[in-house]
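To start, the structure under review is shown below, and the notes come after it.
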Amino acid sequence: MNANVIALAAEARIPADEEHAAALRFITCGSVDDGKSTLIGRLLVDSQAVLQDQLAGVQRAGATDLALLTDGLTAEREQGITIDVAYRYFATPARKFIIGDAPGHEQYTRNMVTAASSADAAVVLVDATKLRWADPDLQLLPQTRRHALLVHLLRVPSVVFAINKLDAVDDPALAYRHIAGALAAFCADAGITARAVVPMSALQGLNVVRPATGWAGYVGPSLLQLLETLPVTTAEAGEAFAFPVQWVEKFSGSADTSQGRRVFWGRVATGHVQAGDTVRVMPSGQTATVAQVLDAARRPRPIGAGHSAGLVLDREVDVSRGDWLLAANAPEATREVAGTIAWLDEEPLVAGRVYWALHGHRWVKARIKRIVHRLDVHTLAEQDATQLEPNAIGHVELALQEPLATRPFARARVPGSLVLVDTATHRTSGALLVR
Numbered sequence: 004m005n006a007n008v009i010a011l012a013a014e015a016r017i018p019a020d021e022e023h024a025a026a027l028r029f030i031t032c033g034s035v036d037d038g039k040s041t042l043i044g045r046l047l048v049d050s051q052a053v054l055q056d057q058l059a060g061v062q063r064a065g066a067t068d069l070a071l072l073t074d075g076l077t078a079e080r081e082q083g084i085t086i087d088v089a090y091r092y093f094a095t096p097a098r099k100f101i102i103g104d105a106p107g108h109e110q111y112t113r114n115m116v117t118a119a120s121s122a123d124a125a126v127v128l129v130d131a132t133k134l135r136w137a138d139p140d141l142q143l144l145p146q147t148r149r150h151a152l153l154v155h156l157l158r159v160p161s162v163v164f165a166i167n168k169l170d171a172v173d174d175p176a177l178a179y180r181h182i183a184g185a186l187a188a189f190c191a192d193a194g195i196t197a198r199a200v201v202p203m204s205a206l207q208g209l210n211v212v213r214p215a216t217g218w219a220g221y222v223g224p225s226l227l228q229l230l231e232t233l234p235v236t237t238a239e240a241g242e243a244f245a246f247p248v249q250w251v252e253k254f255s256g257s258a259d260t261s262q263g264r265r266v267f268w269g270r271v272a273t274g275h276v277q278a279g280d281t282v283r284v285m286p287s288g289q290t291a292t293v294a295q296v297l298d299a300a301r302r303p304r305p306i307g308a309g310h311s312a313g314l315v316l317d318r319e320v321d322v323s324r325g326d327w328l329l330a331a332n333a334p335e336a337t338r339e340v341a342g343t344i345a346w347l348d349e350e351p352l353v354a355g356r357v358y359w360a361l362h363g364h365r366w367v368k369a370r371i372k373r374i375v376h377r378l379d380v381h382t383l384a385e386q387d388a389t390q391l392e393p394n395a396i397g398h399v400e401l402a403l404q405e406p407l408a409t410r411p412f413a414r415a416r417v418p419g420s421l422v423l424v425d426t427a428t429h430r431t432s433g434a435l436l437v438r
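The opening position of the sequence shown corresponds to residue 4 in our numbering, with each subsequent residue numbered one higher.
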């Protein structure tokens with residue numbers, strides 16, 4: 004069966020409004036061996052979301068290795084690291100959760116960016132044992148700072164810092180106070196608003212599901228109690244309508260709800276759409292009127308941002324996968340784009356190189372016109388640069404072969420983001436957020 008049909012059928016089983024209101028999608032991120040996989044394992048075990056046979060399968064030398072509940076790849080188990088993003092699902096009486104376990108290694112930063120791009124919250128872990136916790140002026144690890152900056156740039160609404168392994172230091176209260184102070188100073192400099200800084204021990208289960216009141220000098224909710232109160236990402240319904248076409252369906256029988264016309268399927272990126280709206284096709288520029296809007300269960304009704312829809316137009320126009328349907332008053336497309344880029348390729352980014360740019364489902368050629376500057380993750384200073392190394396963050400300008408209807412990422416996630424792909428190797432090279 005077509006993958007698009009499967010996705011739409013899955014959405015039809017659960018009313019979209021209920022699913023978006025109940026489920027919180029969050030990721031764990033941070034530096035290598037901070038305990039991200041162990042934390043997720045502890046959440047699953049203590050919330051009774053793991054079956055006995057699953058627990059038996061992660062026993063090592065008579066003890067439960069919680070990290071193995073998410074590290075399922077053979078290479079992950081052999082090396083003791085997380086390589087790819089692993090998603091797990093569980094629920095409490097308060098809400099449903101979708102967890103993404105993101106890798107900590109620099110070479111897998113692209114996997115972390117992928118997981119963060121659709122997250123409602125991010126739990127950034129900090130390993131207390133790796134820091135000079137007795138020093139009030141301690142320095143955070145570079146990967147902790149990088150991941151925190153990335154989730155901030157990717158507009159993850161809620162950022163929570165979890166200071167892990169405090170059970171392994173001599174003075175948990177002092178370590179918590181000093182590390183929390185360093186995090187507060189970093190967030191102030193970076194413009195990050197943290198929801199909370201929670202002390203915990205994922206291995207021992209302290210302050211993960213049940214609160215350990217007073218431990219490490221902290222009085223407040225446990226990590227899970229905090230996650231149960233966080234909001235989900237608000238749909239960008241206030242923006243002008245934008246709809247990337249993912250799949251074109253053609254019916255020949257007039258008995259179908261589409262009356263023989265083509266149905267353009269996809270997910271509404273911004274705004275909302277209903278029958279009678281005038282839309283403009285990008286890149287052709289043709290206009291048409293929406294004759295019918297179908298939800299994932301093929302029921303006619305208006306659809307808002309974040310939900311799948313099938314659009315039937317009042318006349319036959321040339322629309323293919325990769326085209327965009329926009330509101331008649333939407334901003335004009337442009338060939339010049341400036342934005343913040345997270346560089347993920349092993350080859351450095353240099354001006355003049357040409358890449359494929361993916362915008363929604365549309366591919367166009369893009370040339371790196373100029374590297375404006377690079378962001379120093381240690382000092383947060385903007386530095387002049389002639390190239391961007393792997394895992395660097397910087398600002399660039401692109402020249403596009405064809406115009407794209409982009410918008411600032413700060414206002415619209417989907418129209419405001421592009422993925423750069425190497426034309427020769429087909430590797431994902433960078434994630435660009437339009438400024």
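The beta carbon of each residue, even a glycine, is placed where N, CA and C say it ideally should be.
**Asked** When the Cβ atoms of the stretch 419–426 are set against those of the stretch 397–411, are three or more pairs found closer than 8 Å?
**Response** At 8 Å Cβ cutoff, the stretches touch.
**Prompt:** Apart from the five residues on each side of it in sequence, which residues of its chain come closer than 6 Å, Cβ to Cβ, to C190?
**Reply:** For the purposes of this step, residue 190 is taken as residue 187 along the sequence shown, with counting starting at 1. Only A197 meet the Cβ criterion.
**Item:** Of the residues V127, W136, D49, the one placed nearest F93, counting alpha carbons only
**Value:** To locate residue 93, count along the sequence shown from 1; it is residue 90. The residue with the shortest Cα to Cα distance from F93 is D49.
**Request:** Please report the residue range of the alpha helix (DSSP H) in which H376 lies.
**Result:** Counting from 1 along the sequence shown, the entry for residue 376 is found at position 373. Unbroken run through H376 is the beta strand (DSSP E), 365–378; no alpha helix (DSSP H).
**Message:** Whether or not the stretch 278–289 and the stretch 208–222 are in contact is what I'm after, with contact meaning three or more pairs of Cβ atoms, one per stretch, closer than 8 Å; do they touch?
**Reply:** No, the stretch 208–222 is not in contact with the stretch 278–289.
**Prompt:** Tell me which same chain residues have a C-beta within less than 6 Å of the C-beta of L229, skipping the five on either side of it?
**Reply:** Along the sequence shown, one-based indexing puts residue 229 at 226. Closer than 6 Å at Cβ, skipping near neighbours: A199.
**Request:** Return the CA-CA distance between Y179 and L143, expressed in angstroms with no decimal places.
**Result:** As a first step, residue 179 is located in the sequence shown; it is residue number 176 there, counting from the start. As a first step, residue 143 is located in the sequence shown; it is residue number 140 there, counting from the start. One C-alpha to the other measures close to 13 Å.
**Asked** Can you give the Cα-Cα distance for T290 and T382, rounded to whole angstroms?
**Response** Numbered from 1 along the sequence shown, position 287 holds the residue referred to as residue 290. Numbered from 1 along the sequence shown, position 379 holds the residue referred to as residue 382. Cα to Cα, the separation comes out at about 49 Å.
**Asked** Which one of A238, F267, L186, E242 has the shortest CA to CA distance from A294?
**Response** Stepping through the sequence shown from its first residue, residue 294 is reached at position 291. Selected option, being the one with the closest Cα: F267.
**Rounded separation between A183 and I30 - CA only** = Reading the sequence shown from its first residue, position 180 is the one you call residue 183. Reading the sequence shown from its first residue, position 27 is the one you call residue 30. Approximately 20 Å, taken between the alpha carbons.
**Message:** Does S161 come out as helix, strand or coil in the three-state DSSP assignment?
**Reply:** Indexing the sequence shown from 1 puts residue 161 at position 158. In the three-state scheme derived from DSSP, where H, G and I count as helix and E and B as strand, S161 is classed as strand.
**Asked** Any idea if Q146 is buried or exposed, counting beta-carbon neighbours within 10 angstroms, 16 or more meaning buried?
**Response** Along the sequence shown, read from residue 1 onward, the residue named residue 146 stands at position 143. Q146 comes out buried.
**Request:** Could you check if H429 is buried or exposed, using at least 16 other CB atoms within 10 Å of its CB as the buried criterion?
**Result:** Counting from one through the sequence shown, the residue named residue 429 turns up at place 426. So H429 counts as exposed.
**Asked** Quick one: what's got a C-beta closer than 8 Å to R356's C-beta in the same chain, skipping five residues either side?
**Response** Within the sequence shown, residue 356 is the residue found at index 353, counting from 1. Excluding sequence neighbours, R356 sits near R370, I371.
**Request:** Rank P202, Q404, L227 by C-alpha distance to the C-alpha of G217 and give the top, closest one.
**Result:** Here residue 217 refers to the residue found at position 214 of the sequence shown. Selected option, being the one with the closest Cα: P202.
**Request:** Could you check the C-alpha separation between I166 and V35 for me, to the nearest Å?
**Result:** In the sequence shown, the residue the question calls residue 166 occupies position 163. In the sequence shown, the residue the question calls residue 35 occupies position 32. About 14 Å.
**Touching by the beta-carbon criterion (3+ pairs, under 8 Å), the stretch 317–333 and the stretch 361–380** = yes
**Prompt:** Since V127 and F164 are thought to touch, with beta carbons under 8 Å apart, how far apart are those beta carbons, to the nearest angstrom?
**Reply:** On the sequence shown, position 124 is the one that residue 127 refers to. On the sequence shown, position 161 is the one that residue 164 refers to. Right, the Cβ-Cβ distance comes to about 5 Å (below 8 Å), so this counts as a contact.
**Request:** Answer yes or no: do V159 and A131 have a C-beta to C-beta separation smaller than 8 Å?
**Result:** As a position in the sequence shown, residue 159 is number 156, starting the count at 1. As a position in the sequence shown, residue 131 is number 128, starting the count at 1. No; because the gap between Cβ atoms is not below 8 Å, this pair is not in contact.
**Message:** Mapping the DSSP letters down to three states, classify S40 as helix, strand or coil.
**Reply:** As a position in the sequence shown, residue 40 is number 37, starting the count at 1. Three-state result, S40: helix.
**Item:** Alpha carbon of L47 to alpha carbon of T95, nearest angstrom
**Value:** As a position in the sequence shown, residue 47 is number 44, starting the count at 1. As a position in the sequence shown, residue 95 is number 92, starting the count at 1. Whole-angstrom Cα-Cα distance: 10 Å.
**Request:** Report the rounded CA-to-CA distance for H441 versus R377, giving the unit in angstroms.
**Result:** In the structure displayed, the chain extends from 4 to 438; residue 441 sits before or after that span and is not available.
**Of the residues S204, A308, D298, R438, the one placed nearest V315, counting alpha carbons only** = Against the sequence shown, residue 315 aligns to sequence position 312. Of the candidates S204, A308, D298, R438, the one whose C-alpha sits nearest the C-alpha of V315 is D298.
**Prompt:** So, are the CB atoms of R28 and S161 less than 8 Å apart?
**Reply:** On the sequence shown, residue 28 is found 25 positions in, with the first residue counted as 1. On the sequence shown, residue 161 is found 158 positions in, with the first residue counted as 1. Going by C-beta atoms, R28 is not nearer than 8 Å to S161.
**Message:** Using only the alpha-carbon positions, how far apart do R265 and A300 sit?
**Reply:** Taking the first residue of the sequence shown as 1, we reach residue 265 at position 262. Taking the first residue of the sequence shown as 1, we reach residue 300 at position 297. So the alpha carbons of these two residues sit roughly 17 Å apart.
**Message:** Within 10 Å of its beta-carbon, does E239 have 16 or more other beta-carbons around it, so buried, or fewer, so exposed?
**Reply:** Numbered from 1 along the sequence shown, position 236 holds the residue referred to as residue 239. Label assigned to E239: buried.
**Message:** For R270, count the other beta carbons within 10 Å of its own beta carbon; 16 or more makes it buried, fewer makes it exposed. Which is it?
**Reply:** Stepping through the sequence shown from its first residue, residue 270 is reached at position 267. Buried: at least 16 other Cβ atoms inside 10 Å.
**Message:** Closest to E349 by C-alpha separation, out of V424, K99, V380, G220, would be which residue?
**Reply:** Position 346 of the sequence shown, counted from the start, is the residue given in the question as residue 349. Closest option to E349, Cα to Cα, is V424.
**Message:** Let's test the definition: count the other Cβ atoms within 10 Å of the Cβ of T41 and tell me whether it reaches 16, buried, or not, exposed.
**Reply:** As a working mapping, residue 41 is identified with position 38 in the sequence shown. Here T41 is buried: its Cβ has 16 or more other Cβ atoms, across all protein chains shown, within 10 Å.
**Short Cβ contact (8 Å threshold) for R283 with A333** = Residue mapping note: residue 283 aligns to position 280 of the sequence shown, counting from 1. Residue mapping note: residue 333 aligns to position 330 of the sequence shown, counting from 1. The answer is yes: Cβ separation under 8 Å.
**Request:** Look at the alpha carbon of D174 and the alpha carbon of A124, and state the distance between them as a whole number of angstroms.
**Result:** As a working mapping, residue 174 is identified with position 171 in the sequence shown. As a working mapping, residue 124 is identified with position 121 in the sequence shown. So the two alpha carbons sit approximately 30 Å from each other.
**Request:** List the endpoints of the continuous alpha helix (DSSP H) containing A185.
**Result:** Stepping through the sequence shown from its first residue, residue 185 is reached at position 182. Start and end: 175–193.
**Prompt:** Does the distance from the CB of A415 to the CB of A345 come in under 8 Å?
**Reply:** The sequence position of residue 415 within the sequence shown is 412, counting from 1. The sequence position of residue 345 within the sequence shown is 342, counting from 1. Taking 8 Å as the Cβ cut-off, A415 and A345 do not qualify as a contacting pair.
**Prompt:** DSSP beta-bridge partners for F267?
**Reply:** Within the sequence shown, the letter at position 264 stands for residue 267. Its beta-bridge partners are V251, L314.
**Prompt:** Going by beta carbon distance, what residues of the same chain come within less than 7 Å of A258, once the five residues before and after it are set aside?
**Reply:** Here residue 258 refers to the residue found at position 255 of the sequence shown. Confidence at A258 is low in this model, with a pLDDT of 42, below 50, so its placement is unreliable and the value that follows should be read with caution. For A258, same chain residues with a beta-carbon under 7 Å away, outside a window of 5 residues either side, do not exist.
**Asked** Buried or exposed: where does P305 fall if 16 or more other Cβ atoms within 10 Å of its Cβ makes it buried?
**Response** On the sequence shown, residue 305 is found 302 positions in, with the first residue counted as 1. It is exposed - the Cβ of P305 has fewer than 16 other Cβ atoms within 10 Å.
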